[in-house]
Amino acid sequence: MRLLSCMLLVAAVLVVPDWAAAGPPDARCTCRNRDGSKHALGAVVCLNVDGRKYLARCEMVLNVSSWQKVQDGCPVAATVGPLASTPYEVR
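If you count by mature numbering (1 follows the signal peptide of the UniProt record, and there is no 0), then the sequence shown holds residues -22 to -1, 1 to 69, one letter each, in order.
As structure tokens, this is what we get:
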């Protein structure tokens, strides 16, 4: 009976995925930008390094917070010219 209990315990530990066993990210773990600004784990920001811009996510790599490149370039919001107003009749 004791052997069966030990086997079930070992099986339960092996079945639990790593992400379920891990706790929430530590709020003290942040990534810093060149300008000194702090960003929480999971934050995605546009970085400008040596004249190149790219999107990067703050992640843990080998137990150290680090920027991981997501894509080249950064999205930009395009400005649209003035909206054309359509005259309408008020009744």
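Every residue, glycine too, gets a C-beta built ideally from N, C-alpha and C. A quick note: this is a predicted structure, and the numbers were derived from the prediction, not measured.
query                                                                                   : result
Beta-bridge partners of L25, as assigned by DSSP                                        : Y32
Which listed residue (V42, R6, C24 and D28) has its alpha carbon closest to that of Q49 : C24
Three-way DSSP call (helix, strand, coil) for T57 in this model                         : coil
Residue interval of the beta strand (DSSP E) (run including D50)                        : V42 to D50
Alpha-carbon spacing of W(-4) relative to V58, whole angstroms                          : In this prediction, W(-4) has a pLDDT of 45, which is less than 50 and means its spatial position is unreliable; what the coordinates show is noted afterwards. Those two C-alpha atoms are separated by around 44 Å.
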